[in-house]
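One structure below.
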Amino acid sequence: MSAPTNRRSGTEPTTARSAYGLRRVLALVALVGGVIGAVAFALAARSPGGTAGGEWVASAICVVVALTAVVDLAFLHTRQDRPNRPNRP
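Each residue of the sequence shown is one higher than the one before, starting from 0 at the first, in numbering that gives the first Met the number 0.
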């Protein structure tokens, strides 16, 4: 049996690119939309004509979306600060 080699065929390990710019834009849109939605639903829930909790649930969902976007933006920020390492294991 022959020993495995670390030779790679093709060029994708050295030329592969990730769409971090698009991911950042989508995370920013989710953050803004989540914050606006959370505030809007919380204000609607506090109004006298609010339903029995539907707005609070929607507000909580918007908060989760916004927090997920913040975590993703933090990851992208740390990923941006890393030096390029073409020969990562």
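Beta carbons: idealized from backbone N, C-alpha and C, even for Gly. Keep in mind it's a predicted model, so treat the numbers as computed, not measured.
Please go through the same chain and pick out, in chain order, the residues whose beta-carbon is closer than 6 Å to the beta-carbon of residue i, but skip the five residues on each side of it.
i     : result
Ala26 : Ala68, Asp71, Leu72
Given that a residue counts as buried once 16 or more other Cβ atoms are within 10 Å of its Cβ, and exposed if not, what is residue i?
i     : result
Ala37 : buried
Phe40 : buried
Residue i: which of the options sits nearest, CA to CA?
i     : options                    : result
Val63 : Ser17, Leu21, Ala29, Tyr19 : Ala29
Leu42 : Trp55, Val31, Val24, His76 : Trp55
Gly32 : Ala65, Gln79, Arg78        : Ala65
Val34 : Ser46, Ile60, Arg78        : Ile60
Can you find the residues in the same chain that come closer than 8 Å, C-beta to C-beta, to residue i, ignoring five residues on each side of it along the sequence?
i     : result
Leu75 : Tyr19, Arg22, Arg23, Ala26
Please work out which residues of its chain come closer than 7 Å, Cβ to Cβ, to residue i, disregarding the five sequence neighbours upstream and downstream, and give them in chain order.
i     : result
Ala44 : Glu54, Trp55, Ser58
**Study point:** Sequence ranges, alpha helix (DSSP H) only - wholly within the region 50 to 81, length at least 4
**Key:** 53 to 80
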